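Heads up: the structure comes next, in structure tokens.
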DNA sequence: AGAACACATAGATAATTATCTATGACTATA
DNA sequence: TATAGTCATAGATAATTATCTATGTGTTCT
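Residue numbers (the working numbering), protein chains in the order written: chain E, 1 to 335; chain S, 336 to 670.
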């Protein structure tokens, strides 16, 4: 038995407490005995028999290596060492208790940490969900990661975040996705765009325009391309710009038109306007994406619940709310 | 099995940590794993096998109810809960360590408490031992009880103190006594006493004098009486006074003569002087008295050692030092 | 791809712990 | 001085824990 080695090391210096055998149970029992001054009373309170408690005390005494209580006028009173031990017990037990409370909070999701990875476009709406959530759960600490679709896919592959937001969830069996919010894509032009007032505007009218596009990995671009393909249209002139914000500014300064999430336009409409192109807005939706195998931190779960409770109210997204509700169901079942 | 009841209470609220099974050993192992980031390394360091450590972690995980570590790039890293648990471990272990140190100090006698019961007369010399001891051992807290012989005997009977000092130790098998310091009894008279210069002064000369005596229980009185008896002398006139100090003052004011410990006269010689009566000083000695069955607090043991080391030096009491050394031997053997 | 390493799991066993019941000893109190 | 109450001890047993060895499963480095 290996324990021999270590015990030996301890035994040599003789007077050390045999700390390795010390359990919180013993301390609990001991503390109660000191408080009640009676072994029998403690036994009753803890649903034990009196000899059991006596023996626990004996064992604790052996662990400490010193008498810890004595009987005095019918009461059990701690010796000097016993008093120090009692203080220790109180101290240790209350600390363990604090930890236990922390665990509770952690499990309820009211405390802790989770990280969420957003594709660029989503950063315009997620704050509207995260803000109120953080307000309501100040002890929860959220990390928000933002990147373009490819970067987010990389993070996703490496399991780096707890929740992801994609327009087009990666196809993967080990993944759960819930479309929680519609993300209408609209065509935007500069403020004084000549197409603005045109009724029944079609893509045909715009084919001479230059279109400013996100990089090929981008979901917005992908959706737009798919639509162009299905409509059999090819753009005459395009230019690639890496950020939505840069695109908006470029559009405002008259460099061309663009397809953007309507949320972006709503968020910062300066210098641009939505054009009433037929067939638009293109429908698309953001999805919450979580990995099946990854145990979702309770705080992340709580966030999803929170979102589920506010989509209908704040965003009139009944479908989204239902989808998130279903996601939560599945997660709960798998826990 | 009774454990069922309590477990049930816990199980109902579900997420609580199973604190009763938590041992310090587990925390030690866990803390080491977190520090080293490796199960195998910890196993080696603690002279265990790798599976043993793995299983300890598993058990700890079950106790906590949450995953506490995960493997990440070959290292074991704590989860969020695991980090909190690690902090807890450190905290608890260091507290237990402090207690362990306290125990050491207590056992070495360098810290703690003991009480010593003195008969009145001894209070004139014991401070000369206790003072330096306290100075050298500031963490030791000594209670000194003082009373007349009868009062001390009562305390002794009730096991109220750790060490007693008597001139005449109570006869009791369960008692160890070491005569540590001589206590010469001398006859004293007022400063201008006519007997002061007389050569070959005998009791016969003094039989007309009034003698001021302590109460019958007193050792001083007892010794004096025994001497009177053996010399076949009966005193003409006596008066009983309860305290040595009061007797000294009474003698100084000419109320009579008295037999007192020479230490008292040495301590406060004002108004009195020793008379050169033949046969005096009467020999007597103070004894340290301890009960065999009572476990002497280490601090008390340390005090006796201290005394043993200073008697020869400070009091030229070689015999006393030997007697205390012997006492310590016996105590050590009985521990 | 193969070797080396790190961890997990299974199965076995010895040691320890947690309990109980029964009984004995001591101590107050009626 | 009975009597009741409190604690200690003994003896028995079930449960848990601490270990090991052997083996399996992934990573990581070459």
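Glycine included, each C-beta is placed from N, C-alpha and C at the ideal position.
Treat the numbers as computed from the prediction; the structure is a model and nothing was measured.
Anyone know if the C-beta pair for residue 262 (chain E) and residue 144 (chain E) falls short of 7 Å?
no
Chain S beta carbons: is any one of them nearer than 7 Å to that of residue 102 (chain E)?
yes
Straight-line CA distance for residue 500 (chain S) to residue 425 (chain S)?
47 Å
Give, in chain order, every unbroken run of the beta strand (DSSP E) that is at least 3 residues long and sits entirely within the region 569–625 of chain S.
572–575, 592–596 and 607–610
Can you give the Cα-Cα distance for residue 628 (chain S) and residue 509 (chain S), rounded to whole angstroms?
7 Å
How many Å lie between residue 180 (chain E) and residue 334 (chain E) at the Cα?
21 Å
Cβ pair count under 8 Å reaching 3, the region 208–218 of chain E against the region 147–167 of chain E
yes
Distance cutoff 7 Å, beta carbons only. Does residue 352 (chain S) sit that close to anything in chain E?
yes
Rounded to whole angstroms, what's the CA-CA distance from residue 321 (chain E) to residue 142 (chain E)? Just pull it up for me.
22 Å
Interface residues of the region 441–460 of chain S facing chain E [CB-CB below 9 Å]:
441, 442, 443, 447 and 448
Are the region 357–376 of chain S and the region 384–393 of chain S touching by the rule of at least three beta carbon pairs closer than 8 Å?
yes
Out of E:120, E:119 and E:105, point me to the one whose CA is closest to residue 113 (chain E)'s CA.
E:105
Taking the straight line between their C-alpha atoms, what separation do you get for residue 7 (chain E) and residue 155 (chain E)?
For residue 7 (chain E), the predicted structure reports a pLDDT of 36, less than 50, and the residue's modelled location is therefore unreliable. A value from the coordinates is still provided. Rounded to the nearest angstrom, the two C-alpha atoms are 48 Å apart.
Please state if the CB of residue 85 (chain E) and the CB of residue 63 (chain E) are separated by a distance shorter than 7 Å.
no
Would you mind listing the alpha helix (DSSP H) stretches within the region 363–416 of chain S that are 4+ residues and don't spill past its ends, in chain order?
374–380 and 385–399
For a contact defined as C-beta to C-beta under 9 Å, what are the partners of residue 336 (chain E) on chain S?
For chain E, the structure presents residues 1 to 335; residue 336 (chain E) sits outside this window and is missing.
Inter-residue Cα distance where the pair is residue 408 (chain S) and residue 158 (chain E):
12 Å
Residues of the region 64–84 of chain E with a CB closer than 8 Å to any CB of chain S: list them in chain order, please.
64, 65, 66, 67, 80, 81 and 84
Is any beta-carbon of chain S found at less than 7 Å from that of residue 92 (chain E)?
yes
Can you tell which of S:384, S:602, S:622 and S:610 has the C-alpha that lies nearest to the C-alpha of residue 463 (chain S)?
S:602
Got a sec: is the Cβ-Cβ distance from residue 345 (chain E) to anything in chain S below 7 Å?
For residue 345 (chain E) there is no data in the structure shown, the boundaries of chain E being 1 and 335.
Could you please give the first and the last residue of the uninterrupted beta strand (DSSP E) stretch that includes residue 447 (chain S)?
447–454
From the DSSP output, read off the bridge partner residues of residue 205 (chain E).
The partner list for residue 205 (chain E) (beta bridge, DSSP) is empty, contrary to what the question assumes.
Using only the alpha-carbon positions, how far apart do residue 21 (chain E) and residue 517 (chain S) sit?
50 Å
Best match in S:431, S:433, S:497 and S:414 for proximity to residue 626 (chain S) [C-alpha to C-alpha]:
S:497
Could you check whether the Cβ of residue 24 (chain E) sits closer than 7 Å to any Cβ belonging to chain S?
yes
Once you ignore the five residues that flank residue 236 (chain E) on each side, which residues in its own chain have a CB closer than 7 Å to its CB?
207 and 208
Leaving out five residues on either side along the sequence, give the residues of the same chain with a beta carbon under 6 Å from the beta carbon of residue 111 (chain E).
105 and 139
Whose C-beta lies closer than 7 Å to the C-beta of residue 600 (chain S) among residues of the same chain, with five residues either side of it excluded?
521, 523, 607 and 609
In chain E, which residues lie with their C-beta within 8 Å of the C-beta of residue 434 (chain S)?
17, 84, 85 and 88
At a Cβ cut of 9 Å, what residues of the region 363–384 of chain S count as close to chain E, listed as they run along the chain?
363, 381, 382, 383 and 384
Would you say residue 7 (chain E) reaches chain S, if we count a Cβ-Cβ gap shorter than 7 Å as a contact?
Residue placement at residue 7 (chain E) is poorly supported in this model, since its pLDDT is 36, which falls under 50; the coordinates still yield a value, given next. Taking Cβ atoms only, chain S never reaches closer than 7 Å to residue 7 (chain E), which makes this a no.
For residue 562 (chain S), I'd like the list of residues in its chain whose CB is within less than 6 Å of its CB, leaving aside the five on either flank, ordered along the chain.
617
Distance, Cα to Cα, residue 454 (chain S) vs residue 511 (chain S)?
17 Å
According to DSSP, simplified to helix, strand and coil, what is residue 423 (chain S)?
helix
Look at residue 581 (chain S) and residue 502 (chain S) and say whether their C-beta atoms are less than 7 Å apart.
no
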